[in-house]
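Participant:
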Amino acid sequence: MVLRRLRPAFAATAAGALCGTIAMCEQDPGLSRARVTGSSEVGATRWLRLTTLDYEDARGKPRKWDMAQRTTRKEGAEVDGVAILALLRRRAAPQEEVEMLLVRQFRPPMGAVTIELPAGLVDPGESPEAAALRELKEETGYTGSSACVSGQLAMSPGLTDEAVALVVVEVDLDSPANRVPEQALDESEFIRVNRVPVKALLPTLRELERDGCVPFTGLYTLAVGLQLGASGLADASAALST
Numbered sequence: 169m170v171l172r173r174l175r176p177a178f179a180a181t182a183a184g185a186l187c188g189t190i191a192m193c194e195q196d197p198g199l200s201r202a203r204v205t206g207s208s209e210v211g212a213t214r215w216l217r218l219t220t221l222d223y224e225d226a227r228g229k230p231r232k233w234d235m236a237q238r239t240t241r242k243e244g245a246e247v248d249g250v251a252i253l254a255l256l257r258r259r260a261a262p263q264e265e266v267e268m269l270l271v272r273q274f275r276p277p278m279g280a281v282t283i284e285l286p287a288g289l290v291d292p293g294e295s296p297e298a299a300a301l302r303e304l305k306e307e308t309g310y311t312g313s314s315a316c317v318s319g320q321l322a323m324s325p326g327l328t329d330e331a332v333a334l335v336v337v338e339v340d341l342d343s344p345a346n347r348v349p350e351q352a353l354d355e356s357e358f359i360r361v362n363r364v365p366v367k368a369l370l371p372t373l374r375e376l377e378r379d380g381c382v383p384f385t386g387l388y389t390l391a392v393g394l395q396l397g398a399s400g401l402a403d404a405s406a407a408l409s410t
C-alpha cells in the first residue's frame with residue numbers, strides 16, 4: 169500500500185507521521201500464477217450483484233468462487249468509497265491532544281449499531297479526496313483539508329471486490345466552520361458522532377463494545393496498533409489488556 173502525500177507541509181503534524189511512502193512489496197512468483205479466467209452473473213439488485221468467478225489457483229487448477237459486488241462502481245474507478253481518518257486539533261495550540269472522529273449507526277446486515285470511521289461512496293467524476301471532504305461534512309458537520317490518501321484497500325476480499333481509499337483529513341478546531349458543526353444527513357441516515365482522543369481509541373472502543381456496539385475491523389486494528397506503538401512490543405498482552 170502507498171500513502172500519497174498531498175501537502176508536504178504536514179510532515180511535522182500528526183497527519184505527517186501517517187503520510188510517508190511505503191515501498192510496494194514484490195509479487196510472490198508462486199501466488200502471481202493464480203488468475204481469474206471468467207465470470208457469470210447469478211443475480212442482482214439495485215445495489216448489489218452476485219457473481220460466480222472462474223479462476224486458476226497457484227498450481228493452475230481450475231476453481232470457482234462466489235463473490236458480491238457493488239453495482240455503483242463506475243468503469244475505470246479503482247475504489248468504491250472512502251474511509252476518513254479525521255484528526256482534530258487547534259492550530260493555535262498544537263501541543264494539545266489530537267482527537268479523531270468516530271461514527272455510530274445501525275447496520276442492518278449486522279443487526280447492531282457499529283462504530284466506524286466516517287465513510288461513504290465516491291460519486292461519479294469525484295476524486296477520493298473530494299469524496300472524503302464531502303462525506304466528512306455530511307456525516308459529522310466538520311470541514312477539513314486532505315493530508316494524504318492511500319491506494320486501493322480491500323474491505324473483505326474473501327467475499328467482495330469492494331475497495332476503499334483511506335483519506336487522512338486535518339480538521340482545524342479554531343476554524344469558524346468547526347465551532348458548531350452541523351450534519352447534513354440523508355433522510356435514511358441516523359448517525360451519531362464521537363470525538364475521541366487518539367491515545368484513548370482502544371479503551372473507547374472497548375467501552376462501546378460493552379454497550380453493544382460492534383467495531384469496524386480496520387478501526388479496531390488501528391486502535392491495537394496505536395496501543396502497541398505507545399506501550400511497546402515487549403509485553404503485548406499486557407498492553408492490550410489495559
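Read left to right, the sequence shown gives residues 169 to 410 (our numbering).
No residue lacks a Cβ here, since even glycine has one placed at the ideal position from N, Cα and C.
1) Around the Cβ of residue 250, are there at least 16 other Cβ atoms within 10 angstroms (buried) or fewer (exposed)?
2) Note down the Cα distance separating residue 207 from residue 235, rounded to an integer number of angstroms.
3) My output table needs one value for residue 176: the three-state DSSP class, helix, strand or coil.
4) Out of 283, 376, 246, state which residue places its alpha-carbon closest to the alpha-carbon of residue 333.
5) Please name the residue, chosen from 317, 231, 282, that lies closest to residue 362 on a Cα-to-Cα basis.
6) Per DSSP, which residues does residue 256 bridge with? Please list them.
7) If I measure Cβ to Cβ from residue 304 and keep anything under 7 Å in the same chain, skipping five residues before and after, which residues do I get?
8) Between the Cα of residue 380 and the Cα atoms of 273, 221, 239, 215, which residue gives the shortest distance?
9) Are at least three pairs of beta-carbons, each pair with one atom in the region 343-360 and one in the region 254-273, less than 8 Å apart?
10) Tell me residue 328's beta-bridge partners as DSSP assigns them.
11) So, at 7 Å on beta carbons, what are the nonlocal neighbours of residue 328 in its own chain, with the 5 sequence-adjacent residues on each side left out?
12) Let me check understanding here. Comparing Cα to Cα, which of 218, 203, 202 lies closest to residue 209?
13) Does DSSP classify residue 349 as helix, strand or coil?
14) What three-state label does DSSP hand residue 273 in the structure shown?
15) I'd like the list of long-range same chain contacts for residue 227, defined as Cβ closer than 7 Å, with 5 residues on each side in sequence excluded.
16) I'd like the list of long-range same chain contacts for residue 388, defined as Cβ closer than 7 Å, with 5 residues on each side in sequence excluded.
17) Classify residue 204 as helix, strand or coil using the three-state DSSP reduction.
18) Is residue 284 near residue 365, with beta carbons less than 7 Å apart?
19) Are the CB atoms of residue 241 and residue 342 nearer to each other than 7 Å?
20) In this structure, how does DSSP classify residue 244 when only helix, strand and coil are distinguished?
Facilitator: Answer, in terms of the structure:
1) buried
2) 10 Å
3) Note that residue 176 scores a pLDDT of 45, beneath 50, so its modelled location is shaky; the value from the coordinates is reported in the next line. In the three-state reduction of the DSSP assignment, residue 176 falls in the helix class, which pools H, G and I.
4) 246
5) 282
6) 267, 339
7) 252, 254, 286, 310, 312, 337
8) 273
9) yes
10) DSSP lists 236 as partners of residue 328.
11) Closer than 7 Å at the Cβ level, and outside the excluded window around residue 328, lie 235, 236, 237.
12) 218
13) coil
14) strand
15) none
16) 373
17) strand
18) no
19) no
20) coil
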